[in-house]
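Trainee: I have a structure I would like to understand better, so I am pasting it below and will then ask my questions one at a time.
Residue numbers (UniProt numbering): 1 to 794.
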């Protein structure tokens, strides 16, 4: 039985007309809700606020109405895509958003796809109908019904396809030409995908799935589902981490299309605000930076900057010289570290101890000088009582003796000396030398740029050869900037350093004082313009300067994602990682800091691991953080890749993971993959031959990373480079850029070169071979690799 045999099409005009009437009604309700939401949003934006509580309520309402309007706007295309006719006689329409009826006590006009009652639309089968008599897929274009496809589920089960729902709609979706951008699949989600999407939000869920199983779509729809059901997650947002910037552009329209704005899409290299990770480095260096031992190296590097051993040195303050001994600053450093604070937050404690020590020595020197002067004066004057003589002179002049002061003159002197020490440049220089204020960038740049510093921090942790991999010589012509593998190290350093926010708080206080002063000036002007009529109130009679300044303060209307993107310390309600098998141990440390609740969804395929620092098994990545408290589920159906293509990858997959079971393809394309011997200079001719038969579909040429530029140079009509346009008719990609993407037709160039390019080159080739939805060709300059030749013979 073919996949389409399970579907009974209904094209009767009367049936379609009734659904068109319903769709028109739904769009009218959508337009009305949009108009109402816009009006309320404008009212909230114009509200002055008032008390701090009122301003908080205003800002919360603004955020809520903005998010609601985004969801309503996003529902324009594909508003309603399904209908459930239940055995009970009830009928539910399923769509992108929920639309309430105008009457408060009436049933909703449209049910959100994430609502619990909508689950049956995705999981009901003839074997387990979930109380559903008929499931209808409604295909629309704009605001017009195009076609209807019905499945009657309470008849005899179809043993061949009972695990698939909406077969005709699914077939239409997977056979549709690619656009270069991923679209949502709310209308065609399958039961195994829906189960994962609706899984418990708590803990770590790992989704293992081979090529074409919809891992990425499941991850993105899970983000939308969690935001719909959890206020906690919505308030903190969802972080979605992808393998590269090309992939993020490919998926970038999915969540906005579902009306969700509280999601930050990012690569690991973009998770340190202010740093652009655009420098390349040897794979061996990147793999080393990903190892957990680097956390110990960085911790040692921070410790080395806290009062390191050395000789005593002198600090000149005016005409005085103060000596700081190693014993003193070692003890002071121990006291600062004992607080448990990060480096920069502990620094003020160390500085205070240095200032106290300098003031103590200055006081001792001053006291010593005073004692010497008193001794010399006493020697000159003999036994004369100077104090008694002074009191007698004052009495003769008419002054009465004051009672003894309660103020200890030495205390005031000590305070003066501390003020002198605290502002002295020499003391500041000593503190900077002994316990410097550090940024993560400064720490790592100095660590990797100074072999002696690196040797000290890595002593007993890294070999000399490993240290050489990390060194970045300073000077003209030296590499500048940061790599993707540097970002987790920067984050590790920032966590250990912390940020001394005293200066920031002081600046904020100054800004508030300036706002209040300006507001007072406004009130003074208003008061100065008061008329002689004392009964007329002015602004100053109704409000004081502080409250006026607070009312005038501009509200922060950034989305959760916008605020999170610039705040390294932001913690998310949930983290989703696509191609999670590529992350290094140090990258996992970074992500765990972003989500202390460990509410995570990780999707990937161990057989596709290509990163030198990537994982071989899920447990090795997760056990250091959550032990065995994680769940594993699998996606087993391949919706994208035709069976003919998957067949040739079998021998290759067996070499990557002997225990792996390839996902089962839902369709045949009728076009067997082909291969041909061709030099790199011949690739352009094969591409143009494919284009002649391609029609409106899209073609990708996937090559070893090292030759992508050479192949692209021979194809001026192709989009290529670090930022390719995936909507172009033909695109040239290095295999490292192809992760997670899909195209109608794929030409894989130089498979042997892919295998030889890295220790995990076989995984790269497996990724390249499984990107096509329709046709695959393989061009090989030399002999076809045996593991692939066996696939073509099978």
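Ideal Cβ placement from N, Cα and C applies to all residues, glycine included.
Since this is a predicted model, take the numbers as computed values, not measurements.
Ignoring anything shorter than 4 residues or poking outside the segment 256 to 304, list the alpha helix (DSSP H) runs there in chain order.
Mentor: Here the runs fully enclosed are 283 to 289 and 293 to 304.
Trainee: Assign residue 236 to one of three DSSP states: helix, strand, or coil.
Mentor: Position 236 of the chain shown, counted from the first residue, corresponds to residue 236. It is helical.
Trainee: DSSP on residue 185, reduced to helix/strand/coil?
Mentor: Translated into the one-based positions of the chain shown, residue 185 becomes position 185. In the structure shown, residue 185 sits in coil (DSSP, three-state: anything other than H, G, I, E or B).
Trainee: Going by beta carbon distance, what residues of the same chain come within less than 6 angstroms of residue 783, once the five residues before and after it are set aside?
Mentor: Position 783 of the chain shown, counting from 1, holds the residue named residue 783. Answer for residue 783: no residue qualifies.
Trainee: For residue 271, is the classification buried or exposed, using 16 other Cβ atoms within 10 angstroms of its Cβ as the cut-off for buried?
Mentor: Taking the first residue of the chain shown as position 1, residue 271 is located at position 271. The residue is buried, with at least 16 neighbouring Cβ atoms inside 10 Å.
Trainee: Could you name the residues that DSSP lists as bridge partners for residue 677?
Mentor: In the chain shown, residue 677 corresponds to position 677, counting from 1. In the DSSP output, where bridge partners are listed per residue, residue 677 has 780.
Trainee: For residue 147, name the three-state secondary structure that DSSP assigns.
Mentor: For this step, residue 147 is matched to residue 147 along the chain shown. Strand, per DSSP.
Trainee: Bridge partners of residue 340, per DSSP?
Mentor: By 1-based counting over the chain shown, the position of residue 340 is 340. Paired residues: none, contrary to the question.
Trainee: Consult DSSP for residue 92 and reduce its assignment to one of helix, strand or coil.
Mentor: For the purposes of this step, residue 92 is identified with residue 92 of the chain shown, where counting begins at 1. Of the three classes helix, strand and coil, the one that applies to residue 92 here is strand, per DSSP.
Trainee: Determine, using beta carbons only, whether residue 223 and residue 576 come nearer to each other than 7 angstroms.
Mentor: Translated into positions along the chain shown, residue 223 becomes position 223. Translated into positions along the chain shown, residue 576 becomes position 576. A contact, by the Cβ cut-off of 7 angstroms.
Trainee: Look at the alpha carbon of residue 537 and the alpha carbon of residue 63, and state the distance between them as a whole number of angstroms.
Mentor: Taking the first residue of the chain shown as position 1, residue 537 is located at position 537. Taking the first residue of the chain shown as position 1, residue 63 is located at position 63. For residue 537, the pLDDT reaches just 47, beneath the cut-off of 50, and the residue's location in the model is therefore unreliable, although a value from the coordinates is still provided. Each residue's Cα considered, the two are about 35 angstroms apart.
Trainee: Roughly how many whole angstroms lie between the Cα atoms of residue 123 and residue 191?
Mentor: The residue labelled residue 123 in the question sits at position 123 within the chain shown. The residue labelled residue 191 in the question sits at position 191 within the chain shown. Rounded to the nearest angstrom, the two C-alpha atoms are 4 angstroms apart.
Trainee: Out of 228, 445 and 446, point me to the one whose CA is closest to residue 260's CA.
Mentor: Taking the chain shown and counting its residues from 1, the one referred to as residue 260 is at position 260. Cα-wise, what sits closest to residue 260 is 228.
Trainee: Would you check if the segment 759 to 768 and the segment 602 to 609 touch, i.e. whether three or more CB-CB distances between them fall below 8 angstroms?
Mentor: With a cut-off of 8 angstroms, the segment 759 to 768 and the segment 602 to 609 count as touching, because enough Cβ pairs lie within range.
Trainee: Check each candidate in 686, 484 and 56 and name the one with the smallest Cα separation from residue 282.
Mentor: Within the chain shown, the letter at position 282 stands for residue 282. Nearest of 686, 484 and 56 to residue 282, Cα basis: 484.
Trainee: Which value, in whole angstroms, describes the spacing of the CA atoms of residue 179 and residue 717?
Mentor: Translated into the one-based positions of the chain shown, residue 179 becomes position 179. Translated into the one-based positions of the chain shown, residue 717 becomes position 717. Going from the Cα of residue 179 to the Cα of residue 717 covers about 17 angstroms.
Trainee: Run through the DSSP bridge pairs and tell me what residue 702 is partnered with.
Mentor: If you number the chain shown from 1, residue 702 lands on position 702. Paired residue(s): 733 and 748.
Trainee: Taking the C-alpha atoms as reference points, what is the distance between residue 742 and residue 176?
Mentor: On the chain shown, residue 742 is found 742 positions in, with the first residue counted as 1. On the chain shown, residue 176 is found 176 positions in, with the first residue counted as 1. Spanning the two alpha carbons is a distance of roughly 12 angstroms.
Trainee: Taking the Cβ atom as the reference point for each residue, do residue 701 and residue 732 lie within a distance shorter than 7 angstroms?
Mentor: In the chain shown, counting from the first residue as 1, residue 701 sits at position 701. In the chain shown, counting from the first residue as 1, residue 732 sits at position 732. Contact: yes.
Trainee: Does DSSP put residue 762 in a helix, in a strand, or in coil?
Mentor: By 1-based counting over the chain shown, the position of residue 762 is 762. Of the three classes helix, strand and coil, the one that applies to residue 762 here is helix, per DSSP.
Trainee: Starting from residue 140, follow the alpha helix (DSSP H) in both directions and report where the run begins and ends.
Mentor: Locating residue 140 in the chain shown gives position 140, counting from the first residue. Element bounds for residue 140: not the alpha helix (DSSP H) but the beta strand (DSSP E), 132 to 141.
Trainee: Do the CB positions of residue 292 and residue 759 come within less than 7 angstroms of each other?
Mentor: Residue 292 sits at position 292 when you count from the first residue of the chain shown. Residue 759 sits at position 759 when you count from the first residue of the chain shown. No. Outside cutoff.
Trainee: Just to confirm my understanding: we take residue 424, look at its own chain, exclude 5 residues before and 5 after, and list those with CB closer than 6 angstroms. What are they?
Mentor: If you number the chain shown from 1, residue 424 lands on position 424. These residues qualify, in order along the chain: 317.
Trainee: What do you reckon, are the CB atoms on residue 642 and residue 669 nearer than 7 angstroms?
Mentor: By one-based count along the chain shown, residue 642 stands at place 642. By one-based count along the chain shown, residue 669 stands at place 669. Yes, Cβ-Cβ distance for residue 642 and residue 669 is below 7 angstroms.
Trainee: Which value, in whole angstroms, describes the spacing of the CA atoms of residue 578 and residue 428?
Mentor: For this step, residue 578 is matched to residue 578 along the chain shown. For this step, residue 428 is matched to residue 428 along the chain shown. Between residue 578 and residue 428, the C-alpha separation is close to 48 angstroms.
Trainee: Based on Cα-Cα distance, which residue from 699, 366 and 587 lies nearest to residue 288?
Mentor: The residue you call residue 288 lines up with position 288 of the chain shown. Ranking 699, 366 and 587 by Cα distance to residue 288 puts 587 first.
Trainee: I need the straight-line Cα distance from residue 796 to residue 489, nearest angstrom please.
Mentor: The first residue shown for the chain is 1 and the last is 794, placing residue 796 beyond what the model contains.
Trainee: Helix, strand or coil for residue 316 per DSSP?
Mentor: On the chain shown, position 316 is the one that residue 316 refers to. If DSSP states are grouped into helix, strand and coil, residue 316 belongs with the strands.
Trainee: State the DSSP-derived secondary structure class of residue 161, mapped to helix, strand or coil.
Mentor: Residue numbering aside, residue 161 sits at position 161 when the chain shown is read from its first letter. Summary for residue 161: the model assigns pLDDT 46, below 50, so the residue's position carries little reliability, and this model does not support an answer.
Trainee: Using 7 angstroms as the threshold, is the C-beta distance between residue 237 and residue 267 below it?
Mentor: For the purposes of this step, residue 237 is taken as residue 237 along the chain shown, with counting starting at 1. For the purposes of this step, residue 267 is taken as residue 267 along the chain shown, with counting starting at 1. No, they are not a contact pair.
Trainee: Within 8 angstroms, do at least three Cβ pairs link the segment 103 to 111 to the segment 128 to 143?
Mentor: The segment 128 to 143 vs the segment 103 to 111: no contact.
Trainee: If you run the structure through DSSP and keep just helix, strand and coil, what is residue 175?
Mentor: Position 175 of the chain shown holds residue 175. If DSSP states are grouped into helix, strand and coil, residue 175 belongs with the helices.
Trainee: For residue 574, which beta-bridge partners are listed by DSSP?
Mentor: In the chain shown, counting from the first residue as 1, residue 574 sits at position 574. Per DSSP, 238.
Trainee: According to the neighbour-count rule (16 or more other Cβ atoms, all chains shown, within 10 Å of its Cβ), is residue 56 buried or exposed?
Mentor: Looking up residue 56 in the chain shown gives position 56. Exposed: under 16 other Cβ atoms inside 10 Å.
Trainee: Tell me where the alpha helix (DSSP H) around residue 449 begins and ends.
Mentor: By 1-based counting over the chain shown, the position of residue 449 is 449. Counting along the chain, the alpha helix (DSSP H) containing residue 449 begins and ends at 440 to 449.
Trainee: Tell me whether the beta-carbon of residue 730 lies closer than 7 angstroms to the beta-carbon of residue 768.
Mentor: Along the chain shown, one-based indexing puts residue 730 at 730. Along the chain shown, one-based indexing puts residue 768 at 768. No, they are not a contact pair.
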